[in-house]
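Which chain is which? The protein sequence lines are A and B, in order. Take the first sequence: its position 24, counted from the start at 1, is 23 in numbering that gives the first Met the number 0, and no numbers get skipped. Take the second sequence: its position 1, counted from the start at 1, is 0 in numbering that gives the first Met the number 0, and no numbers get skipped. Notes for the one structure printed next.
2 protein chains.
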Amino acid sequence: MDDDSLRPGEVSVALPDRTDAGVYFIGVIRTPWATRGDCPKRGRPEGPVCTVELDERWRDALLNLETHPRLQILYWMHQSRRDLVRQTPRSSGRTIGTFALRSPVRPNPIASSVVEVVGIEGTTIRVRGLDCVDGTPLIDIKPDRSV
Amino acid sequence: MDDDSLRPGEVSVALPDRTDAGVYFIGVIRTPWATRGDCPKRGRPEGPVCTVELDERWRDALLNLETHPRLQILYWMHQSRRDLVRQTPRSSGRTIGTFALRSPVRPNPIASSVVEVVGIEGTTIRVRGLDCVDGTPLIDIKPDRSV
Numbered sequence: 000m001d002d003d004s005l006r007p008g009e010v011s012v013a014l015p016d017r018t019d020a021g022v023y024f025i026g027v028i029r030t031p032w033a034t035r036g037d038c039p040k041r042g043r044p045e046g047p048v049c050t051v052e053l054d055e056r057w058r059d060a061l062l063n064l065e066t067h068p069r070l071q072i073l074y075w076m077h078q079s080r081r082d083l084v085r086q087t088p089r090s091s092g093r094t095i096g097t098f099a100l101r102s103p104v105r106p107n108p109i110a111s112s113v114v115e116v117v118g119i120e121g122t123t124i125r126v127r128g129l130d131c132v133d134g135t136p137l138i139d140i141k142p143d144r145s146v
Numbered sequence: 000m001d002d003d004s005l006r007p008g009e010v011s012v013a014l015p016d017r018t019d020a021g022v023y024f025i026g027v028i029r030t031p032w033a034t035r036g037d038c039p040k041r042g043r044p045e046g047p048v049c050t051v052e053l054d055e056r057w058r059d060a061l062l063n064l065e066t067h068p069r070l071q072i073l074y075w076m077h078q079s080r081r082d083l084v085r086q087t088p089r090s091s092g093r094t095i096g097t098f099a100l101r102s103p104v105r106p107n108p109i110a111s112s113v114v115e116v117v118g119i120e121g122t123t124i125r126v127r128g129l130d131c132v133d134g135t136p137l138i139d140i141k142p143d144r145s146v
């Protein structure tokens, strides 16, 4: 978890008393990056192969997935605090609103990445283009629509 | 809510006993479509203007958003069942795995759309490109990275 220290310009808010809906973790993402500090700032199509391991419960939902060379993967950035509305990225030192950033720190820490499929075996999908820490919970797989 | 009837070929699974993480609804999306039956199958950049109304709590997180002509909007498709792993869209009559579809029916009913920004006034963002029912809960706003 993040510690509570704020950089200059950063602003936190009180989170709501309760959440409004629940997410199922449907699998896990395996990557070469053991800590957040190891992760690339952004996944690249020529990056290393990572694996998306879907829980057995959802196996049947993979039918026809092989017809899509590119997928959109949604995952839950479970190590990120959720209460910052203004952030000062170390890279720029400029303070920016959370919704003008793709930082993992946001009210709902959901990441969206488009990946190239390398192969599918059973409930394991090998892909390139991810940037998350090893063990990140998977929440959705969709055909890519960005092109 | 959907009723429990399945079309030919559709398969449901038992959902997990509990969810693993909680989502905050951070605002609401206003569109011209009162029911799901009214919604277009897919949002288009030349579609009608819709509004994304962010809750006051998160206002500061909009700083610098105006520098992004296109945004990625995540929202929660609150009317959709979550237990289908194979679906038979009425349009095609072909049975397809849930993860090979962008149907709202999926384990975590999170939609992702890229929109063109028309204007920002306070905590209201006017956009084109959405396809969801009026009153859909907002869960995230990010700069678009699809181009």
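Glycine is no exception: its CB is placed at the ideal position from the N, C-alpha and C atoms. Being a predicted model, the structure only gives us computed values, none of them experimental.
Measure the C-alpha to C-alpha separation of A/Q78 and A/L137 and round it to an integer number of angstroms. 14 Å
Quick check on DSSP: helix, strand or coil for B/W57? helix
In the DSSP output, which residue or residues are listed as bridge partners for B/C131? Looking at the DSSP assignment, B/C131 forms no beta bridge with any residue, so it has no partner.
Could you give the distance in angstroms between the alpha-carbon of B/L14 and the alpha-carbon of A/Q86? 37 Å
Where does the unbroken beta strand (DSSP E) through A/R29 begin, and where does it stop? That run of the beta strand (DSSP E) goes G26 to R29.
Using only alpha-carbon positions, find the residue among B/G134, B/D130 and B/D139 that is nearest to B/P39. B/D130
Ordered along the chain, which non-local residues of its own chain (more than five positions away) have a Cβ less than 6 Å from that of A/E65? I119
Short of 9 Å Cβ to Cβ, which residues in the segment 12-39 of chain B face chain A? V12, A13, L14, P15, R17, T18, D19, A20, G21, V22, Y23, F24 and I25
If we count Cβ pairs, one from each stretch, closer than 8 Å, do we get three or more for the segment 120-128 of chain B versus the segment 30-44 of chain B? yes
Skipping 5 residues on each side, what residues in its chain have a beta carbon closer than 6 Å to that of A/T135? I28 and Y74
Between B/W57 and the ligand HEM, is the CB less than 8 Å from at least one heavy atom? Questions concerning the ligand HEM fall outside what the structure shown contains, since it holds no ligand whatsoever.
Mind checking if B/P142 is an interface residue toward chain A, Cβ cutoff 9 Å exclusive? yes
Is there a Cβ of chain B sitting closer than 9 Å to that of A/V84, yes or no? yes
Any C-beta of chain B sitting closer than 9 Å to the C-beta of A/S91? no
In whole angstroms, give me the CA-to-CA distance for A/D59 and B/G96. Between A/D59 and B/G96, the alpha-carbon positions lie close to 6 Å from each other.
I need the DSSP call for A/E120, collapsed to helix, strand or coil. strand
Strictly under 9 Å for the Cβ-Cβ distance: is B/P88 near chain A by that measure? no
Status (buried if at least 16 other CB within 10 Å, exposed otherwise) for B/A33: exposed
Name the chain A residues whose beta carbon is nearer than 8 Å to that of B/V10? D59
Count the other CB atoms, across all protein chains shown, that sit within 10 Å of the CB of B/L5; report buried if there are 16 or more and exposed otherwise. Exposed, because fewer than 16 other Cβ atoms sit within 10 Å of the Cβ of B/L5.
Please determine, among A/F98, A/G46 and A/T30, the residue with the shortest C-alpha to C-alpha distance to B/I25. A/F98
So A/L61 and A/V114 are supposed to be a Cβ contact under 8 Å. How far apart are they, rounded? About 15 Å; that fails the 8 Å criterion.
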